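Chemist: Order-wise, the sequence lines are chains A and B. Take the first sequence: its letters are residues 499 to 746, numbered as in the numbering used here. Take the second sequence: its letters are residues 358 to 1104, numbered as in the numbering used here. The beta-carbon is built from N, C-alpha and C at its ideal position, and this holds for glycine as well. These numbers come from a predicted model, not from an experiment.
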Amino acid sequence: MRFGVLVFPGSNCDHDCYHVVKHVMGQDVDFIWHKEESFRVKYDGIIIPGGFSYGDYLRTGAIASYSPVMKALKDYAKGGGMVIGICNGFQILLEAGLLPGAMLRNESLKFICKDVYVRVESEKTPFTRCCNTGQVLKLPIAHAEGNYFADADTLATLNAENQVILRYCDKDGKATPESNPNGSCENIAGICNRERNVMGLMPHPERCAEAVLGNTDGKNIFASMMSHVAIFQDSCRLPGYTDLEFKK
Amino acid sequence: MADTKTKKEPDITPELVASHGLSTEEYEKIKGILGRVPTYTELGIFSVMWSEHCSYKSSRPHLKRFPTKAPWVIQGPGENAGVIDIGDGQAAIFKMESHNHPSFIEPYQGAATGVGGILRDVFTMGARPIANMDSLRFGPLDVPKNRYLSHGVVAGIAGYGNCMGIPTIGGEVYYGDTYNGNNLVNAFTLGIAKADRIFYGTAAGVGNPVIYVGSKTGRDGIHGATMASEEFSEGTEEKRPTVQVGDPFTEKLLLEACLELMSKDLIVGIQDMGAAGLTSSSCEMASRGGAGIEMELQLVPRRETGMIPYELMLSESQERMLIVAKEGNEKEVEDIFKKWDLEAVTIGRVTGDGMLRVKDDGVVVAEIPAKTIADEAPVYNRPYSRPAYQDEIQRLSADLIPVPKDLGEVLVKLLSSPTIADKTWVYRQYDHMVRTNTMVRPGSDAGVVRLKGTNKALAMSVDCNSRYCFLHPLVGGAAAVAESARNVVCSGGRPLAITDCLNFGNPEKPDIMWQFQQAVEGISLACEKLGTPVVSGNVSFYNETKGVGIYPTPVIGMVGIIEDASKTVTQWFKDEGDAVVLLGESRDEIGGSEYLKVIHSQERGMPPDLDLDVEASLQKATLEAIGEGIVKSAHDCSEGGLAVALAECCFRGEADPVGCTVEVTDGFRLDAALFGETQSRIIVSVAAGSIEKLKGIMASHGVPCTVLGKVVGDRLIIKKDGDVLIDQPAAQLKKAWQDAIPSLLNA
């Protein structure tokens, strides 16, 4: 399998994602420079890594969403390609309109780096298919703008279409106000698009995919993507399937 | 086209010379070197290069004392950073530097650019930075200004380090009256390079291009180095324009571009434009390479109009580097920087005449032998003498210090004292996991990062107890080295080398100079005994406000190697039933302790004694036990003594706390037994079945080994002769420890 990791000026989790895909999951992976206007090879999945693209100047993800590579990414996603945006990658996906909603500054107005618990709200995505709905994962967050916001209609749609994939929770899986680290609407930590092939999440699965770092929960996300590619090959590339049609 | 001058250069008058911080003798020396009156630009160049900050003119004679050699040292002091061999063809490159003065004047930017500067010092040598640490010291948090400084400094470090994607994996934060008008911000960075691909700040090869890369030059930070060489007085805030403004995004691009550049064979030398900017980088590179450099200032990229040569040479605009490339590679160098949206402009050439020649639109505005600026700065053997007040502050009538009745309450007070209390509020704002190497996060004795592609890890710690240094600078200096080494050992690391950041008051005062000389001696003795040479460092003098100096604060950054990363140890108790064992032994010492300060409001007495032979044996024995795989946790006893150390073992970071029940047997005053800060002590926990093996290892090194009790229940219970001295729920102690700093900061 072959993955691509986008690199924007200021991306700083690009090496981490590359490392996990290549050395932990044992897959092929390329860096894709933000000035590329098309993908040179056929990728099984694209990762938009965390960091501070363009210094997070203006708004997080705002400038990167206009990079030349974004057109190729949008075409890829439209064609059913699997895209995951982590942290700043999630922010870029929101700014690019590939996912609904927006990010606000954390409620505390401070950068927060710590482990949090998230509940898997749907296993019916290419990114969580190796998890079980309701499963609790421990993943680290590290961001200053992870306070997910969407208007009531959008939230209603997200819920109705089962597009909320991860919610902040306590270690028993309860999505309490105390377990919400940044003030996100409805404790939302990760969402996908209606077609379920594009996901954004604030926690960093690539930071907890090796026993030497004390936690391997993040490996579930990468394993899911690989398993999805292995099983579905081409069928999942068709746009427009809903979670009801999602085969596990 | 020539930038039109808008400012007329002033005439050289005695007043102008004095306002540049140059003495009459220094000015005469300049005239002697040049054989004429300097130009305004030359005066500026000499004033920054001969400032204390850049020239080390007061400290240099003493710094020679440091041991700097070992078989694993690739580069000792004198370069941008120190370099040690860590095996497998890899080198660790590290340094620590102060940004005290700027951080007091403008905390966010001052701290941020401190991080930016130290990062450049490390990646300019070809290393990718993989870990940051910081040593921070503030005045008491009941003073609003200190809360403002704490918020600003921490946010500034976070803002820069997080954006760069370098984890901040540890550090220390102290609070004390002595830092009330003079906070300290010392930033440490460690990077990894191939041992045979190290780059130096040198200019060589006549005709080779001198290339300016990075941000454009503005008027910010002019005379920053001079400002850092003065005491603070009323109106210091007016110096805010001398503080630079950081742009971590540009620095991130600069980092990636430089590393890409260095992966190819295109350059001769490279140096960060740090303090004194274009001036220091050009003349230090020329001086090291025994060459000259000629530059045309009209070619320097600038972001303001009307800048005169003086300003261009002295600007401390951030995120800039100077490169000497191999002739003919200009285009390739430019292309790499263009890829990263950065400017690279050839502004001059290496010459063979040893002169720093600066032209402005073809007109020579400065022409100085480079060696004289960089290496022939005046050196002052400043007078030093032990002050009369030293005897007084070392005097402590312990008989007059009552032993408190409620020792549990004392423990709670100590755990809530900001210096001891939980620092999560600080490091939660730092990304400490990016780069996916962090094995031990901030909060344990040392930060630990694994080295990808090997089975090894590096452990590192920054430490200094400045109260010890004030009371006895020699013992204090040695203790800082010993503690930092002990912290590395407690994580399973074998200490290899140190960097230092020596923060002191005004060196023109004999008592301050004595503190400095003594601390250097203490550091040297400890480094010799523990086999950890000094490979890099920084001196920050003039940390005084209104004539009052800070406690001498020689911060030590220790780096050690863990050969088998799976043997890494943390300070937290692991399993119920494990034995709690004290390695080393407690003595009747309460002088200079946090206990004496917090409970009895006294900062006096002799600090705990340090026997370096005992320390070396303890560390060796502990490493052997860890190597045998029997040590489940190890924690150094420092501020707050045995009782605080035990509590910290119980807290277990982000996990739920556990309890322990222990018995002390010391035959002296109870407060000394529980809260005294006797050096060379480590608390370990081992499975009950490993006790005999541990005892055997300790005995073979002559290290006392006492089983104090075991990990059990959810209370911290300390007894003596059956009497309960302390009995507190661990969760309640942890809460007091956790809540202290947030509640003070948000008051």
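(1) Assess, as a yes-or-no matter, whether the segment 670 to 688 of chain B is touched by the segment 628 to 640 of chain B under the definition of 3 or more beta carbon pairs within less than 8 Å.
(2) Mapping DSSP to helix, strand and coil, what is residue 957(B)?
(3) Report buried or exposed for residue 1094(B), applying the criterion of at least 16 other Cβ atoms within 10 angstroms of its Cβ.
(4) For residue 568(A), list the residues DSSP reports as bridge partners.
(5) Using the beta-carbon of each residue, which ones in chain A are nearer than 8 Å to residue 610(B)?
(6) If you reduce the DSSP assignment to three classes, tell me which class residue 667(B) lands in.
(7) Quick one, are the C-beta atoms of residue 839(B) and residue 972(B) less than 8 Å apart?
(8) Mind checking which residues open and close the alpha helix (DSSP H) that includes residue 1057(B)?
(9) Short check: CB of residue 487(B) to CB of residue 794(B), under 8 Å?
(10) Could you say which of 738(B), 1034(B), 829(B) and 653(B) lies nearest to residue 716(B) if we only look at CA atoms?
(11) Given this structure, state the Cα-to-Cα distance separating residue 830(B) from residue 398(B), to the nearest angstrom.
(12) Can you confirm whether the segment 1039 to 1053 of chain B touches the segment 932 to 948 of chain B when touching is taken to mean that 3 or more C-beta pairs between the two stretches lie within less than 8 Å?
(13) Can you say whether residue 820(B) is buried or exposed, counting buried as having 16 or more other CB atoms within 10 angstroms of its CB?
(14) Under DSSP, the beta strand (DSSP E) around residue 655(A) begins and ends at which residues?
(15) Taking beta-carbon pairs under 7 Å, can you tell me which members of the segment 768 to 793 of chain B lie near chain A?
(16) Whole-angstrom Cβ separation of residue 447(B) and residue 808(B), contact assumed at under 8 Å?
(17) Determine the chain A residues that contact residue 605(B) at a beta-carbon separation under 8 Å, and present them in chain order.
(18) So for residue 503(A), helix, strand or coil by DSSP?
(19) Can you tell me the Cα-Cα spacing of residue 482(B) and residue 677(B), whole angstroms?
(20) Under the DSSP definition of a beta bridge, which residues are partnered with residue 488(B)?
(21) Tell me which residue opens and which closes the beta strand (DSSP E) that residue 779(B) is part of.
(22) Residue 505(B) to residue 544(B), Cα distance in whole Å?
(23) How would you call residue 742(A), buried or exposed, if buried means at least 16 neighbouring beta carbons within 10 angstroms?
(24) Quick one: Cα of residue 434(B) to Cα of residue 894(B), how far?
(25) Let me know the secondary structure DSSP gives residue 332(B) once reduced to three states.
(26) With DSSP collapsed to three states, give me the class of residue 854(B).
(27) According to DSSP, simplified to helix, strand and coil, what is residue 615(B)?
(28) Could you name the residues of chain D that residue 609(A) contacts, counting a contact when the two beta carbons are closer than 9 Å?
(29) When you compare the CB of residue 511(A) with every CB in chain B, is at least one pair closer than 8 Å?
(30) Provide the residue span of the beta strand (DSSP E) that contains residue 646(A), from first to last.
(31) Could you tell me which residues DSSP pairs with residue 699(B) in its beta bridges?
(32) For residue 612(A), which option in 649(B), 524(B) and 948(B) has the closest C-alpha, if you only look at C-alpha atoms?
(33) Can you give the beta carbon distance from residue 816(B) to residue 848(B), rounded, assuming they're within the 8 Å contact cut?
(34) Can you pull the chain A residues whose beta carbon is under 8 Å from the beta carbon of residue 697(B), in chain order?
(35) With a threshold of 8 Å between beta carbons, is residue 634(A) in contact with chain B?
(36) Quick check on this structure: which residue in 868(B), 891(B) and 862(B) has the alpha carbon closest to the alpha carbon of residue 902(B)?
Modeler: According to the structure data:
(1) yes
(2) helix
(3) By the 10 Å Cβ count, residue 1094(B) comes out buried.
(4) According to DSSP, residue 568(A) bridges with nothing at all.
(5) 507 and 508
(6) helix
(7) Yes, they are a contact pair.
(8) 1048 to 1057
(9) yes
(10) 653(B)
(11) 41 Å
(12) The count of Cβ pairs closer than 8 Å, one atom from the segment 932 to 948 of chain B and one from the segment 1039 to 1053 of chain B, reaches three, so the stretches are in contact.
(13) buried
(14) Unbroken run through residue 655(A) is the alpha helix (DSSP H), 650 to 658; no beta strand (DSSP E).
(15) 785, 786, 787, 788, 789, 790, 791, 792 and 793
(16) 7 Å
(17) 550 and 553
(18) strand
(19) 14 Å
(20) BP columns for residue 488(B) point to 547(B).
(21) That residue, residue 779(B), is in no beta strand (DSSP E); it is neither H nor E in DSSP.
(22) Taking the straight line joining both Cα atoms gives about 19 Å.
(23) Unreliable placement is indicated for residue 742(A), whose pLDDT of 49 sits below 50; the coordinate value is still reported in the next sentence. Residue 742(A) comes out exposed.
(24) 7 Å
(25) The structure shown does not extend to residue 332(B), since chain B spans only 358 to 1104, so no value can be given for it.
(26) Look at residue 854(B) here: in three-state DSSP terms it is strand.
(27) helix
(28) The structure shown contains no chain D; its protein chains are A and B.
(29) At least one chain B Cβ lies under 8 Å of residue 511(A).
(30) 645 to 647 is the span of the beta strand (DSSP E), which, as asked, contains residue 646(A).
(31) BP columns for residue 699(B) are empty, so no partner.
(32) Between residue 612(A) and the set 649(B), 524(B) and 948(B), the nearest pair of CA atoms involves 524(B).
(33) 4 Å
(34) 507
(35) So, not an interface residue.
(36) 862(B)
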